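Protein sequences, first through last, are from chains A and B. Here the first sequence is numbered in the numbering used here, starting from 1 and rising by one per residue. Here the second sequence is numbered in the numbering used here, starting from 1001 and rising by one per residue. Idealized CB from N, CA, C, for every residue including glycine. All figures in this text were calculated on a predicted structure; none of them were measured in a lab. Structure first, then comments.
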Amino acid sequence: MYFCAVDTLLGGGYAQPMDARSESILVDRAREGCEQSFEALVMQNSEKMIRLAWRMIGNRADAEEIAQEAFLRLYTSLGTFRGDSRVGTWLYRTVSRLCIDYLRREKLRRRLFFFKREDDDFDPLQNTAAEDLPQDERFILREDLRTVRRGIASLSARQRAVLTLRHQEQLPLREIAAILGVSEGSVKVHLHRAVQALRAELAKENQHDE
Amino acid sequence: MTNKHCLSEQQLALYVFGELPGEQHRRADAHLADCPDCRRRQASLAEVRARLPRDEMELSAAEERQFAARVAAAAQRRKAGSRLQAWGAAATAVAAGAIALAIFTPDNVTFERAQQSRQQLAEIDLVEHMEMLEELELLEMMELLEMLEGKG
């Protein structure tokens, strides 16, 4: 039987980031058929990838599906996976592109069928550190976030991806361009248009309030 | 009132996200100090940025393990599926070859030979289908296991 000895490569446990050499050994072993090594690669990257997809699309269950699909694509590409990029970078790219496809499909579906998901009504304070705020401030913050999230939902798939990668993932524009396979100039335009669209959405809301 | 030195909306957006390169950033700073109109536009974009949420999510160790196991099981299913597809394609190619042989053989002697080879090929095909059936059984078992896991 093939002996994987995955534990010896994960000295710091799954929570610690893995060095490039250990990762390359795991990739080689997974390629040779060691399932334990593939699972170790999944464990190392799962939180980051699910969080990335969730930040981009705003739905946890679908984010897990997208992350799973990215890992499955990694699995089928192991034979041709070159060592010149890290597994994390490869997954980042795949998840981001899958999210863009997902957002485009969702937008089309909503437009065609006036489709509304149950989780569209989720509490916008759910993932924020607002527990200690007084009731009235929580109310204002909730309404404010609802407006912002509505604005984010109205962005094009690519604008939303660029905004998420820049604001939430805090990646530099050059890296975002590489992930999305577009020029840096195009990323700048998407970021600028996203901010403009959000500003317009917020201004609309302010006019409503007055 | 804007003038030719005023910052474009794109420059302001990049400024707000700290993405203007060094020299351009310094020039923007100097201009903003003197231009109330650009300052107002910059402030409105900075407000948008400040209002953007930072969503945080953590997976527990148990959730990570569960997810990894699910992905590994799906990977095995996909592998088995692609193997089935490959066998199917190979069997189809062999059958097509046999039919072509039977059609293009010139006389009766070769017709008999072709019939023999068709029979042999059918036997090989049956053996491969037996393996495919085993794979299908395995897949069904895995799905059943997953269903039972889901029910706890």
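query: 8 angstroms Cβ cut-off: residues of chain A touching B/D1010; result: In the sequence on display, residue 1010 of chain B carries Gln and not Asp. Near B/Q1010 (Cβ distances below 8 angstroms), the residues of chain A are K188, V189 and H192.
query: B/R1049 and B/F1017 closer than 8 angstroms at C-beta; result: yes
query: Identity of the residue in B/Q1010, B/A1068 and B/C1035 nearest A/Q196 by Cα; result: B/Q1010
query: Short-range partners of chain A found in the region 1043-1056 of chain B, where Cβ spacing is below 9 angstroms; result: S1044, L1045, E1047, V1048, R1049, R1051, L1052, P1053, R1054, D1055 and E1056
query: Limits of the unbroken alpha helix (DSSP H) element including B/H1025; result: G1022 to D1034
query: Within chain B, the residues that A/W90 reaches when beta carbons sit closer than 7 angstroms; result: By Cβ distance, chain B contributes nothing, its closest Cβ being about 15 angstroms from A/W90, past 7 angstroms.
query: Nonlocal neighbours in the same chain, by C-beta distance under 6 angstroms from A/V187, ignoring five residues either side; result: V162, L173, I176 and A177
query: As assigned by DSSP and simplified to three states, the class of A/V27; result: helix
query: Chain B contact for A/Q196 (CB, 8 angstroms cutoff); result: yes
query: Local conformation of B/L1126 per DSSP, three classes; result: With a pLDDT of only 49 at B/L1126, under the threshold of 50, the placement of this residue in the model should not be trusted, and no figure is reported.
query: Pairwise C-alpha distance: B/A1090 and B/Y1015; result: 59 angstroms
query: Status (buried if at least 16 other CB within 10 Å, exposed otherwise) for B/M1057; result: exposed
query: CB of A/M56 within 8 angstroms of CB of A/T164, strictly; result: yes
query: Rounded C-alpha distance that separates B/L1020 from A/R51; result: 28 angstroms
query: Distance cut-off 7 angstroms: A/R199 Cβ against heavy atoms of the ligand SAM; result: Here there are no bound small molecules, and the ligand SAM is not part of this structure.
query: Cβ-Cβ separation, B/R1051 to A/D136 (assumed contact under 8 angstroms), whole Å; result: Not confirmed; about 18 angstroms, so no contact.
query: A/R223 versus A/W90, A/H192, A/E205 and A/F81, residue with shortest Cα-Cα distance; result: Lying outside 1 to 210, the shown extent of chain A, residue 223 of chain A is not represented and no answer is given.
query: Alpha helix (DSSP H) segment containing A/R158, residue limits; result: A157 to L163
query: Inter-residue Cα distance where the pair is B/A1062 and A/M43; result: 10 angstroms
query: Whether B/A1074 touches B/L1045 by CB criterion (8 angstroms); result: no
query: Boundaries of the alpha helix (DSSP H) in which A/T80 is found, first to last residue; result: No alpha helix (DSSP H) contains A/T80, which DSSP labels as neither H nor E.
query: Every unbroken alpha helix (DSSP H) within the region 37-113 of chain A, with a cutoff of 4 residues, ordered by chain; result: 60-77 and 87-113
query: Beta-carbon neighbours of B/L1007, restricted to chain A and to distances below 8 angstroms; result: Ordered by position in chain A, no residue passes the 8 angstroms Cβ test against B/L1007, which lies about 12 angstroms from the chain.
query: Short-range partners of chain A found in the region 1029-1042 of chain B, where Cβ spacing is below 9 angstroms; result: none
query: Rounded Cβ spacing between A/I100 and A/R158 (contact assumed at less than 8 angstroms); result: 6 angstroms
query: A/E39 burial status per 10 Å Cβ neighbour count (16 or more: buried); result: buried
query: A/L112, buried or exposed, once every other Cβ within 10 Å from all chains shown has been counted against 16; result: exposed
query: For B/C1038, the three-state DSSP class (helix, strand or coil); result: helix
query: Contact set for A/W90: own chain, Cβ-Cβ below 7 angstroms, skip 5 residues either direction; result: L74
query: Beta-carbon gap between A/L180 and A/S46 smaller than 8 angstroms; result: no
query: Whole-Å CB distance - B/V1071 paired with A/L72, under 8 angstroms assumed; result: 7 angstroms
query: Any C-beta of chain B under 8 angstroms from that of A/Q207; result: no
query: Helix, strand or coil at A/G151 according to DSSP, with G and I counted as helix; result: helix
query: Own chain, CB closer than 7 angstroms to A/E184, minus 5 neighbours either side, in chain order; result: L173, R174 and A177
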